[in-house]
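**Student:** Structure incoming, see below.
In my numbering, the protein residues as written are 91 to 384.
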């Protein structure tokens, strides 16, 4: 009887202790747990499951925010703004080089020199710095009366292209008021930690009234949480996300030593014996410690 109680306790602890998952799996796991949930969920169990799904949505929101401001996502809007500014610069330069209409030539040369004091050096800036420099140039165009003078020299599409590209890049960077705010540096790690805790909280809610002599109740518990086994990260497994490495602190624990290899002059680690890898076998009938027989 004691052995059976201990085995049930071990099964419960497997799910109620905090587990880690790849952040790409969070939403899928939440939906799988919804589909695997017993039809007779209590109020507290349903509340815990709903919280779990909400936490998974938070993880996805942070991932979307990160994707919007990742270098690949910013490449196209940044390039559009680069093209718009260089097109205006070249158009003014071409106008200034025309052999006829000396007055217009002088006007184009003046506007180009006044606006682009350092030429096009700013086009090598990163996306956020480029947006900031563009904002300053647009403000100068308005404050110094350069915009109407430019409109008198080149086609209106040049300025329209700059305005649209500037707005698009700003929206992508999250600097405009209507844009979604950029996620803080540790936002993904924090959202993932809340999801991990929500999963264990749901497991604790399911285990609250579990009786170690109730095979039906244990089966209900294990079936409801079975999706966890397929995506849980075990010690030495994959990271929560390859892209999360800049978000999360390194694991404080030392990596497990290789079996049979000496470390720091110590004796080699013993080879594993039967039963040491029982946690690799799914919990349920067939597991060495499963308390109920078929």
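Every residue gets a Cβ at the ideal spot worked out from N, C-alpha and C, and that includes glycine. All of these numbers come straight from a predicted model, not from anything done at the bench.
Please classify residue 322: does DSSP put it in a helix, a strand, or coil?
**Tutor:** For the purposes of this step, residue 322 is taken as the residue at position 232 of the chain shown. Strand at residue 322.
**Student:** Who does residue 165 pair with in a DSSP beta bridge?
**Tutor:** Working through the chain shown from its first residue, we reach residue 165 at position 75. DSSP, once it has assigned bridges, lists no residue as partnering residue 165.
**Student:** Provide the residue span of the alpha helix (DSSP H) that contains residue 258, from first to last.
**Tutor:** As a first step, residue 258 must be located in the chain shown, where it is residue number 168. Residues 246–263.
**Student:** Could you check where the alpha helix (DSSP H) with residue 239 kicks off and where it finishes?
**Tutor:** Locating residue 239 in the chain shown gives position 149, counting from the first residue. Segment 236–241, the alpha helix (DSSP H) holding residue 239.
**Student:** I believe residue 174 touches residue 313 by the beta-carbon criterion, under 8 Å. Please report the beta-carbon distance rounded to the nearest angstrom.
**Tutor:** The residue you call residue 174 lines up with position 84 of the chain shown. The residue you call residue 313 lines up with position 223 of the chain shown. The pair is not a contact, with the Cβ atoms about 59 Å apart (cut-off 8 Å).
**Student:** Could you tell me which uninterrupted alpha helix (DSSP H) segments, each at least 4 residues in length, are contained entirely in the region 105–190, listed from first to last along the chain?
**Tutor:** Runs found: 116–126, 133–158 and 161–186.
**Student:** Give me the Cα-Cα distance between residue 231 and residue 189, rounded to the nearest whole angstrom.
**Tutor:** Here the question's residue 231 lines up with position 141 in the chain shown. Here the question's residue 189 lines up with position 99 in the chain shown. Distance between the alpha carbons of residue 231 and residue 189 is about 27 Å.
**Student:** Can you name, in chain order, every residue of its own chain whose Cβ lies under 6 Å from the Cβ of residue 212, other than the five neighbours on each side?
**Tutor:** Looking up residue 212 in the chain shown gives position 122. If we look at residue 212 and ignore the five residues flanking it on each side, its Cβ neighbours are 223.
**Student:** Please name the residue in 96, 243 and 172 whose C-alpha comes closest to that of residue 199.
**Tutor:** Against the chain shown, residue 199 aligns to sequence position 109. Of 96, 243 and 172, the residue nearest in Cα terms is 243.
**Student:** Taking residue 98 as the reference, which of 318, 297, 320 and 316 has the closest Cα?
**Tutor:** As a position in the chain shown, residue 98 is number 8, starting the count at 1. Looking at the Cα atoms, 297 is the closest of the given residues.
**Student:** Do you know how far the Cα of residue 184 is from the Cα of residue 205?
**Tutor:** The residue labelled residue 205 in the question sits at position 115 within the chain shown. The residue labelled residue 184 in the question sits at position 94 within the chain shown. Distance between the alpha carbons of residue 205 and residue 184: 16 Å.
**Student:** Taking the CB atoms as reference points, tell me whether residue 315 and residue 153 lie closer together than 8 Å.
**Tutor:** Counted from its first residue, the chain shown places residue 315 at position 225. Counted from its first residue, the chain shown places residue 153 at position 63. The answer is no: Cβ separation not under 8 Å.
**Student:** Can the beta-carbon of residue 109 be found closer than 8 Å to that of residue 291?
**Tutor:** As a first step, residue 109 must be located in the chain shown, where it is residue number 19. As a first step, residue 291 must be located in the chain shown, where it is residue number 201. Result no, Cβ atoms of residue 109 and residue 291 do not sit closer than 8 Å.
**Student:** State yes or no: is the beta carbon of residue 251 nearer than 8 Å to at least one beta carbon in chain D?
**Tutor:** The structure shown contains no chain D; it holds only a single protein chain.
**Student:** Distance check for residue 255 and residue 308, CA to CA, integer angstroms please.
**Tutor:** The residue you call residue 308 lines up with position 218 of the chain shown. The residue you call residue 255 lines up with position 165 of the chain shown. So the alpha carbons of these two residues sit roughly 59 Å apart.
**Student:** Which residue wins for smallest C-alpha separation from residue 282, given the options 145, 203 and 240?
**Tutor:** Position 192 of the chain shown holds residue 282. Ranking 145, 203 and 240 by Cα distance to residue 282 puts 145 first.
**Student:** With DSSP as the reference, label residue 307 as helix, strand or coil.
**Tutor:** For the purposes of this step, residue 307 is taken as the residue at position 217 of the chain shown. Looking at residue 307 - three-state DSSP - the assignment turns out to be helix.
**Student:** If we call anything under 8 Å between Cβ atoms a contact, is residue 115 one with residue 306?
**Tutor:** Residue numbering aside, residue 115 sits at position 25 when the chain shown is read from its first letter. Residue numbering aside, residue 306 sits at position 216 when the chain shown is read from its first letter. No, these two residues do not count as a Cβ contact at 8 Å.
**Student:** Determine, using beta carbons only, whether residue 259 and residue 168 come nearer to each other than 8 Å.
**Tutor:** Here residue 259 is taken as the residue at index 169 of the chain shown, counted from 1. Here residue 168 is taken as the residue at index 78 of the chain shown, counted from 1. A contact, by the Cβ cut-off of 8 Å.
**Student:** Taking just the CA atoms, how far does residue 257 sit from residue 120?
**Tutor:** In the chain shown, counting from the first residue as 1, residue 120 sits at position 30. In the chain shown, counting from the first residue as 1, residue 257 sits at position 167. Distance between the alpha carbons of residue 120 and residue 257 is about 37 Å.
**Student:** Thinking just about the alpha-carbon of each residue, which of 143, 240 and 101 is nearest to the one in residue 178?
**Tutor:** Taking the first residue of the chain shown as position 1, residue 178 is located at position 88. The shortest Cα separation from residue 178 among 143, 240 and 101 belongs to 240.
**Student:** Measure the C-alpha to C-alpha separation of residue 299 and residue 157 and round it to an integer number of angstroms.
**Tutor:** Here residue 299 is taken as the residue at index 209 of the chain shown, counted from 1. Here residue 157 is taken as the residue at index 67 of the chain shown, counted from 1. Cα to Cα, the separation comes out at about 42 Å.
**Student:** In the structure shown, what three-state DSSP assignment does residue 293 receive?
**Tutor:** Position 203 of the chain shown holds residue 293. Helix, per DSSP.
**Student:** What residues in its chain sit with their C-beta under 6 Å from that of residue 303, if we drop five residues either side in the sequence?
**Tutor:** To locate residue 303, count along the chain shown from 1; it is residue 213. Hits under 6 Å: none found.
**Student:** Could you compute how far the alpha carbon of residue 193 sits from the alpha carbon of residue 249?
**Tutor:** Residue numbering aside, residue 193 sits at position 103 when the chain shown is read from its first letter. Residue numbering aside, residue 249 sits at position 159 when the chain shown is read from its first letter. About 22 Å.
**Student:** Keeping to the same chain, check which residues put their C-beta closer than 8 Å to that of residue 187; ignore five residues upstream and five downstream.
**Tutor:** Working through the chain shown from its first residue, we reach residue 187 at position 97. Excluding residues within five positions, the ones whose Cβ falls inside 8 Å are 195.
**Student:** Output the distance between the C-alpha atoms of residue 385 and residue 122, rounded to the nearest integer angstrom.
**Tutor:** This structure leaves residue 385 out entirely; the chain is present only between 91 and 384.
**Student:** Specify, as a first and last residue, the run of the alpha helix (DSSP H) that residue 224 falls within.
**Tutor:** The residue labelled residue 224 in the question sits at position 134 within the chain shown. First-last of the alpha helix (DSSP H) with residue 224: 217–233.
**Student:** When we look at the beta-carbon of residue 202 and count the other beta-carbons within 10 Å, is it buried (16 or more) or exposed?
**Tutor:** Looking up residue 202 in the chain shown gives position 112. Under this definition residue 202 is a buried residue.
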